[in-house]
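A.B. asks: Chains as they are written, first to last, in this note's numbering: chain A, 1 to 393; chain B, 1001 to 1393; chain C, 2001 to 2393; chain D, 3001 to 3393.
Every residue, glycine too, gets a C-beta built ideally from N, C-alpha and C.
One structure follows; several queries about it will come next.
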């Protein structure tokens, strides 16, 4: 008996995969890795899998691991890709990792995923799988049969796979770090998204009251909201809830996919936007200018690695060493105003603050201003010489 | 008769300078470079100068030059420094340049400015002056006498210089590109700024109605708002007005000054935030990923050069060549939602768009998905090999 | 009659392609683009093609274009990839471009090349072809049939294609900018290459006499050697000859191919090493520190674009604008000592020199040293504050 | 009794300082930190100090610390600044650190150094001193009195300080990591340095015989030469000796000093050039392409921090974390050919090698070449679209 382990979400793509694997002669073991679903949703996924005839179904609670080992790293790195906080991208290596574990345990011959050939997730899943289980066979039925959505729906009908109702015209992916909405006219860069696509964030224009929130960080990681210490999973949920209430975290961008296609993408990531904004503000207070400037470069690269599915990579490990060192002093509090979709930092404090009142103030003599005249004089020295040589041209 | 030309704003610092220059035996020629004042304000500055006994006063209208040669370059470069759109920094080289012109025309022996020794403007003024007039003497009376604000006030009283009233506890600088507010408790990074410091932006929390604005760009530069073509100065004013109405553009950061001090800074730059946000969104649509990634680095460096007063520098000229080349295709429209301090891009369009509907859509067969399997397989190849060698350790 | 245009070098790979195309039913038009062959070699290639039965053969002299539009750009950018001056990489887009021209002229249905699927040239050829002729069919017979070298030799025997003699155990590619040597035990990173693989460079250890060479640059481009003005092609040949005589330009590296494989590569690029070394030395004299620092990043990226075959790309055009602006002042002379494989700059001069004798010398009072005390005092200011906060930990 | 601790080298500058400090009313404690002197030289320095009347003289052997904690870090970072391996720059923070220790032990009121106001060392000394002893007074007599070399010589004569003989027209600084030669006509960028300035390296043109050397690295640090394990100090000495014998390590550059002056500099750093060349070659074999590319940026920044005297800085600590992580796999051997001033890598080996024979070879079927066709097809995709939009212009 040939066994294949399938990363299963309950959606149309992976349900078709399940049946296509059977067509290929596999017995299917479905795995649903929970990075932010409700109990009801998990239950539903399991039932769906069983109805479709899986050999076995696994539900794996990876929420805490997701927050502590993935989301917290993303916060320390202010991880973004072209404005997107990487919610889906961040979960993929973790899901793949768990699926590999099951495949090893079950002695499966193959691992399957439902990604298409135009998207990013195929890279994220397969790179992780190849690293963790170099010799296992990988099957991507949708991609390898080059199926369109229309063809999938036909196949689904034939196989008795429940078809999403008309209303579900969007393709949704969500986990603790955010929600993505794709499909239909949203693909058009010049189409203004309708209010109905949002689910985690209230309409900003209907916000009635400003709220000030205080986030506390320790070693670069959020530990409390409004003074209340929360465990990692609870903290992320709370951040989503508070920021979402004020319409914060709606993201609408043109994104460059791994293979080079530009696509228009919509996301809701209220907690991510809130926490990363606050985190950056605290870094401004405690890191030196040289650190800030270089960390910008590191952060940008880190975001790109996550996007490309290179979470398990040598460079990512090296960057972690750099980032962890900088975060030792990222401890303190940040106050943020939330209203109408905007998040504005208004105050920050830290025992590692590099702000020095006496030196900065115009009322103090801590610095003898005269001493600066020399530094000013030689500022741009080479450019002065350059402008002299220009007269030669 | 020794003549000194003074960059004069009518404020306490430059008024003290005026008198201190007289103390040093100079006849003073005051110059007010208009980069965004009203007629009344200009009139007031002139009268103040004359009352304090200047030999001559110049008012120079540099608004159009400021927008076309400075602000528009800043927009093309998405120029920011640690979140600050560089309003004051951008005007300094232009003001210095104009002051040098007058100094040459008047055959003056010296140029004077009112900058202190802790701030950035001394670098910006003097570097430009030294480049444009390498042999002229530069006098910075406040810095060279190491005066505190208290000492200045005492001196002002003695010399009959009008003292700002109690209410004016903040030090303000404003021009077409933004407004900065400093002083008093605002210096404290953990103090939440009171509503009273803002003048260009309405309280976001009091916003009642969302507005969609369409900005049109040509060669990287804004040319119309809501379809109405505007001349450069009018366009910037309009952008400030619209965005300010929705509380957009309040900026509250910890800034690293040139000499290395960290200071807490508050700005209002509604137009800058609106236009740069829209500009970046259009770039996402028309520039290749490689261009976007590298232009981020160029933009960041460009902002730093402006901040440091290196507007007239060899590198800035080189970067302009790069940026101008990229901007040839930054033509099109961007639609933005303004509400409650937030500015969100919701649509964009351009004839140079690199978005390709047929390729991206999940309903099309323009791309044979199977072809991608190979690319996916070799993605992260070296990292797979790396993980193999890790087993050796 | 289906016609295919083949980029033909006369080697085993492209000769097999010629016959494989015939097998597929094509009439073959062979094109040999001359980027640095002798008349005899060109003659030989043509005869080979005709003997193998081509419909038509083209020989295109692209030497001058190669030097002026490609090599000179590479010099301005100090273009290197991991230590390799990009000789082969630089010629590929030009060759592809010429082949496309012929294909259009001949109304061919397809363009073919002899690249394998493990190498870089397939990317370089095809990207250029797809840009210049988006709709033409591209055929890569060796890759698409997954042939090994052994299989190729068998096929060649069957088809009467002359087989390289035993002695030719290396695969060679050469043009005006350099020579690459691959194959056999050279693939092993730990194998010391034998003297026999080199053809352009004398054995360094047998050098008897040091030579000083003077290179003159104008706008970043070499125009004379030892004071003698030379046309572009002659200048490059002369540079290869002089540097080769002293064993300069042997390069032995581990290179990261586009698909991610590491391979050991050997090159001889005497002229490239000589000219780029001299060019960099002149830049040190005339460019500001800020320009040098940033141009290093640009240069490195430029080298990578060439390596990846992205010569015709938006970013490359943008970088050219930057580079050209910097090169306006790269005019002057550089003296270099050549001996035993080493190339050492010993003197340089330019009318745009930013060196200022009076300021630098310890015998002059042009700078009042005291003035620097302030600058020194605030150097590393934030790090001093950082070390204070460290005591808190 | 006011005590000042003086960083003393025995040269003209520091000898004048000694007497100038006495003029200011200080009792002087001289400290000579040994980072690579012979016993005789140390003895001579001590006698000179005593003859000039110091209160006390310290000789501190810091050679091992210099190699292990400074030079080895420089190797791991391939640390260079504009082609200069940072020999002097690297020793300054260590010397300053030791001087601070003595100052604390002796309860001195001040620390003095002999640096001028045009050079780099004032930054390197003082930044370290201010970090390690924020409250101590720093005296730089030469700079603060703005003395020229001529004035120093006059003062020295008056005070009975031995004047260097005519022959000593160059100013030399040397330690285990290299030797710098300044002064006289060497300042002129277009003057070819005479053979007499070199002392560690033989004239390359007189080299008679090629030598192959094997360097063994462990965790990024050299541990053996030609298979012989050596302690750190001996290894560096040996490397200098072997490379120097072949004229390797002569460096002649235009350098951008911290304050922005360009100066022509000559160095001899045979060991540094040998070891860094070998180290980089090994990194090419074991680090992924992404790591190599990013480490280049880190290395370049690291070199700049050392040059600027920011050894003790927050960013340097962060970069160390990154670098140390990458170096875990930099273990193995590198073979290098030395002759006539040239150093050429010819072989390298490591158990962490990412080179994979089966995949690379053209004789193997480990990779199905066909699979690459898709990757090639989408290479440069956006640039193809860009060229299409160009037709619109």
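(1) Starting from residue 1076 of chain B, find everything on chain C with Cβ-Cβ shorter than 7 Å and list it in chain order.
(2) In terms of alpha-carbon separation, which member of A:367, A:7, A:301, A:343 lies closest to residue 96 of chain A?
(3) Check this for me: beta carbons of residue 1085 of chain B and residue 346 of chain A, under 8 Å apart or not?
(4) Got a sec: is the Cβ-Cβ distance from residue 3299 of chain D to anything in chain B below 8 Å?
(5) Please classify residue 3134 of chain D: is it buried, with 16 or more other beta-carbons within 10 angstroms of its beta-carbon, or exposed?
(6) Return the CA-CA distance between residue 2067 of chain C and residue 2019 of chain C, expressed in angstroms with no decimal places.
(7) Under three-state DSSP, which class holds residue 338 of chain A?
(8) Excluding the 5 residues flanking residue 2100 of chain C on each side, which residues of the same chain have their C-beta closer than 8 Å to its C-beta?
(9) With distance defined between alpha-carbon atoms, name the residue in C:2265, C:2231, C:2283 nearest to residue 3256 of chain D.
(10) Which two residues bound the contiguous beta strand (DSSP E) that contains residue 1189 of chain B?
(11) Which bits of chain B does residue 2260 of chain C rub up against, with CB to CB less than 7 Å?
(12) Helix or strand or just coil, what does DSSP make of residue 2016 of chain C?
(13) Got a sec: is the Cβ-Cβ distance from residue 2097 of chain C to anything in chain D below 8 Å?
(14) Under 7 Å between beta-carbons, which chain D residues line up against residue 318 of chain A? List them in chain order, please.
(15) Alpha carbon to alpha carbon, what distance is there between residue 3352 of chain D and residue 372 of chain A?
(16) Can we say the region 2370-2388 of chain C touches the region 3156-3175 of chain D, given the rule of at least three CB pairs closer than 8 Å?
(17) Taking Cβ positions only, does residue 1315 of chain B come closer than 8 Å to chain C?
(18) State the beta-bridge partners of residue 3333 of chain D as determined by DSSP.
(19) In whole angstroms, give me the CA-to-CA distance for residue 2080 of chain C and residue 2276 of chain C.
(20) Taking 8 Å as the CB-CB cut-off, is residue 199 of chain A touching chain B?
(21) Can you confirm whether residue 3329 of chain D, when its beta carbon is compared against all beta carbons of chain B, has any partner nearer than 8 Å?
(22) Any idea what DSSP makes of residue 2248 of chain C, helix, strand or coil?
(23) Would you mind working out which of B:1144, B:1241, B:1259 sits nearest residue 289 of chain A, comparing C-alpha positions?
(24) Is the separation between the beta-carbon of residue 1341 of chain B and that of residue 1250 of chain B shorter than 8 Å?
(25) So what's residue 229 of chain A in DSSP terms, helix, strand or just coil?
(26) Tell me where the alpha helix (DSSP H) around residue 1303 of chain B begins and ends.
(27) Could you tell me whether the Cβ of residue 2371 of chain C comes closer than 8 Å to any Cβ of chain A?
(28) Got a sec: which bits of the region 2101-2117 of chain C sit with their beta carbon under 8 Å from any beta carbon on chain D, in order along the chain?
(29) Between residue 385 of chain A and chain C, is any beta-carbon pair separated by less than 8 Å?
(30) Below 8 Å between beta carbons: does that hold for residue 2026 of chain C and residue 2004 of chain C?
(31) Quick one: is residue 294 of chain A near chain D, going by C-beta distance under 8 Å?
(32) Provide the residue span of the beta strand (DSSP E) that contains residue 3263 of chain D, from first to last.
(33) Can you check which of these residues, B:1148, B:1334, B:1092, is closest to residue 1274 of chain B by C-alpha distance?
(34) Could you compute how far the alpha carbon of residue 1029 of chain B sits from the alpha carbon of residue 1106 of chain B?
(35) Just to confirm, is the Cβ distance from residue 1216 of chain B to residue 1205 of chain B under 8 Å?
(36) For the beta strand (DSSP E) containing residue 3181 of chain D, name the first residue and the last one.
C.D. replies: Judging by the given coordinates:
(1) Within the second chain, numbered from 1, the residue matching residue 1076 of chain B stands at position 76. Neighbours of residue 1076 of chain B on chain C: none; closest Cβ ~13 Å, over 7 Å.
(2) In the first chain, residue 96 of chain A corresponds to position 96, counting from 1. Selected option, being the one with the closest Cα: A:7.
(3) Taking the second chain and counting its residues from 1, one reaches residue 1085 of chain B at position 85. Taking the first chain and counting its residues from 1, one reaches residue 346 of chain A at position 346. Not closer than 8 Å, so no.
(4) Against the fourth chain, residue 3299 of chain D aligns to sequence position 299. Judged by the 8 Å Cβ criterion, residue 3299 of chain D is not in contact with chain B.
(5) To locate residue 3134 of chain D, count along the fourth chain from 1; it is residue 134. Per the 10 Å Cβ criterion, exposed.
(6) Taking the third chain and counting its residues from 1, one reaches residue 2067 of chain C at position 67. Taking the third chain and counting its residues from 1, one reaches residue 2019 of chain C at position 19. When rounded, the distance between both Cα atoms is 33 Å.
(7) As a working note, residue 338 of chain A is residue 338 in the first chain. Three-state result, residue 338 of chain A: strand.
(8) Here the question's residue 2100 of chain C lines up with position 100 in the third chain. Hits under 8 Å: 2111, 2128, 2129, 2132, 2133, 2136.
(9) Looking up residue 3256 of chain D in the fourth chain gives position 256. Nearest of C:2265, C:2231, C:2283 to residue 3256 of chain D, Cα basis: C:2283.
(10) Taking the first residue of the second chain as position 1, residue 1189 of chain B is located at position 189. Per DSSP, residue 1189 of chain B belongs to no beta strand (DSSP E) and is neither H nor E.
(11) Here residue 2260 of chain C refers to the residue found at position 260 of the third chain. 1378, 1381, 1382, listed in chain order.
(12) Here residue 2016 of chain C is taken as the residue at index 16 of the third chain, counted from 1. DSSP places residue 2016 of chain C in helix when its eight states are reduced to three.
(13) If you number the third chain from 1, residue 2097 of chain C lands on position 97. Taking Cβ atoms only, chain D never reaches closer than 8 Å to residue 2097 of chain C, which makes this a no.
(14) Along the first chain, one-based indexing puts residue 318 of chain A at 318. Within chain D, the residues near residue 318 of chain A are 3291, 3322, 3325, 3326.
(15) What you label residue 372 of chain A is simply residue 372 of the first chain in a count that begins at 1. What you label residue 3352 of chain D is simply residue 352 of the fourth chain in a count that begins at 1. Straight-line Cα distance between these residues: approximately 52 Å.
(16) no
(17) Stepping through the second chain from its first residue, residue 1315 of chain B is reached at position 315. So, interface residue.
(18) Residue mapping note: residue 3333 of chain D aligns to position 333 of the fourth chain, counting from 1. Paired residue(s): D:3216, D:3349.
(19) Reading the third chain from its first residue, position 80 is the one you call residue 2080 of chain C. Reading the third chain from its first residue, position 276 is the one you call residue 2276 of chain C. Going by the C-alpha atoms only, they are around 9 Å apart.
(20) Taking the first residue of the first chain as position 1, residue 199 of chain A is located at position 199. No, no contact with chain B.
(21) Working through the fourth chain from its first residue, we reach residue 3329 of chain D at position 329. Cβ-Cβ to chain B under 8 Å: yes for residue 3329 of chain D.
(22) As a first step, residue 2248 of chain C must be located in the third chain, where it is residue number 248. Looking at residue 2248 of chain C - three-state DSSP - the assignment turns out to be coil, as it is neither helix nor strand.
(23) Residue mapping note: residue 289 of chain A aligns to position 289 of the first chain, counting from 1. Checking every option, the nearest Cα to that of residue 289 of chain A belongs to B:1259.
(24) Within the second chain, numbered from 1, the residue matching residue 1341 of chain B stands at position 341. Within the second chain, numbered from 1, the residue matching residue 1250 of chain B stands at position 250. Yes, the Cβ-Cβ distance between residue 1341 of chain B and residue 1250 of chain B is below 8 Å.
(25) As a working mapping, residue 229 of chain A is identified with position 229 in the first chain. Looking at residue 229 of chain A - three-state DSSP - the assignment turns out to be strand.
(26) Working through the second chain from its first residue, we reach residue 1303 of chain B at position 303. Where residue 1303 of chain B is concerned, the enclosing alpha helix (DSSP H) stretches over 1289-1307.
(27) For the purposes of this step, residue 2371 of chain C is taken as residue 371 along the third chain, with counting starting at 1. Answer yes: the Cβ-Cβ gap between residue 2371 of chain C and chain A drops below 8 Å somewhere.
(28) 2116, 2117
(29) On the first chain, position 385 is the one that residue 385 of chain A refers to. Closer than 8 Å: yes.
(30) Working through the third chain from its first residue, we reach residue 2026 of chain C at position 26. Working through the third chain from its first residue, we reach residue 2004 of chain C at position 4. Cβ atoms of residue 2026 of chain C and residue 2004 of chain C: closer than 8 Å.
(31) As a position in the first chain, residue 294 of chain A is number 294, starting the count at 1. So, interface residue.
(32) Mapped onto the fourth chain, residue 3263 of chain D falls at position 263. Its beta strand (DSSP E) spans residues 3262-3268.
(33) Translated into positions along the second chain, residue 1274 of chain B becomes position 274. When each option's Cα is compared against that of residue 1274 of chain B, the closest is B:1334.
(34) Position 29 of the second chain, counting from 1, holds the residue named residue 1029 of chain B. Position 106 of the second chain, counting from 1, holds the residue named residue 1106 of chain B. Taking the straight line from one Cα to the other gives about 9 Å.
(35) Translated into positions along the second chain, residue 1216 of chain B becomes position 216. Translated into positions along the second chain, residue 1205 of chain B becomes position 205. Result no, Cβ atoms of residue 1216 of chain B and residue 1205 of chain B do not sit closer than 8 Å.
(36) Counting from 1 along the fourth chain, the entry for residue 3181 of chain D is found at position 181. Residue 3181 of chain D -> beta strand (DSSP E) spans 3178-3182.
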